[in-house]
Amino acid sequence: MVGKATSVAGSFTTDANPEVATTTTADATANQTALTVVSTAGFESAADYLTLAGAGLNGADANIQVTALGVSGVNAATRLTIPGFSIKTTAPSGAAVSRWNRIALTARPKHVRITRRDNGDWMDWTDGMEPFSANTSFGGVAALLAKAMLCQPGAIHIAPGILVASQTYDIVIDY
Numbered sequence: 079m080v081g082k083a084t085s086v087a088g089s090f091t092t093d094a095n096p097e098v099a100t101t102t103t104a105d106a107t108a109n110q111t112a113l114t115v116v117s118t119a120g121f122e123s124a125a126d127y128l129t130l131a132g133a134g135l136n137g138a139d140a141n142i143q144v145t146a147l148g149v150s151g152v153n154a155a156t157r158l159t160i161p162g163f164s165i166k167t168t169a170p171s172g173a174a175v176s177r178w179n180r181i182a183l184t185a186r187p188k189h190v191r192i193t194r195r196d197n198g199d200w201m202d203w204t205d206g207m208e209p210f211s212a213n214t215s216f217g218g219v220a221a222l223l224a225k226a227m228l229c230q231p232g233a234i235h236i237a238p239g240i241l242v243a244s245q246t247y248d249i250v251i252d253y
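Numbering-wise, the sequence shown is residues 79 to 253 according to the numbering used here.
And the structure:
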């Protein structure tokens, strides 16, 4: 007997605040045992992702998940210190840091489509493939690949700049 494919549909509305963009402190410019990131706008939750330009292998961007474990600082809502995270980068102090949007999923879906309700623009992710959208408001395929929409079991991580503030999006998840 073959299992029947299931589909889950829903919607979500982005908040009015633009995605957090802030700068790194001097802590992130040398080999450190802890990374400190400061944001005057604050962080939504410990599940947020931070993108540190130029901090990854061969100068690629590093994507850092701020976990609930070990988060400390004067005010954890605006200053996060992640102990045990060693980073060596030539990124100068003041390099841009952006928050990633995160959508939690159950298991690993075969296909996800997110559609902006007001204009119908959509983007797709299919298991094992790069994200895809032909819509100009997302900047086309090249922009999506440059910004990246990372999918893994449990969550989709959508890069800054893809979702628009104060908009309703419909999401369909096929398992």
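Beta carbons: idealized from backbone N, C-alpha and C, even for Gly.
Quick caveat: nothing in here was measured; it's all calculated off a predicted structure.
- Counting only residues of its own chain and dropping the five nearest sequence neighbours on each side, serine 85 has a CB closer than 6 Å to the CB of Asp252.
- Non-local C-beta neighbours of threonine 91 in its own chain, meaning closer than 8 Å and more than five positions away in sequence, comprise Ser244, Gln245, Thr246 and Tyr247, ordered along the chain.
- Counting along the chain, the unbroken beta strand (DSSP E) around aspartate 248 starts and ends at 246-252.
- By the neighbour-count criterion, in which 16 or more other beta carbons inside 10 Å mark a residue as buried, arginine 195 falls on the exposed side.
- When the five nearest sequence neighbours on each side are left out, the beta carbons in the same chain lying within less than 6 Å of the beta carbon of glycine 88 are those of Ile249, in order along the chain.
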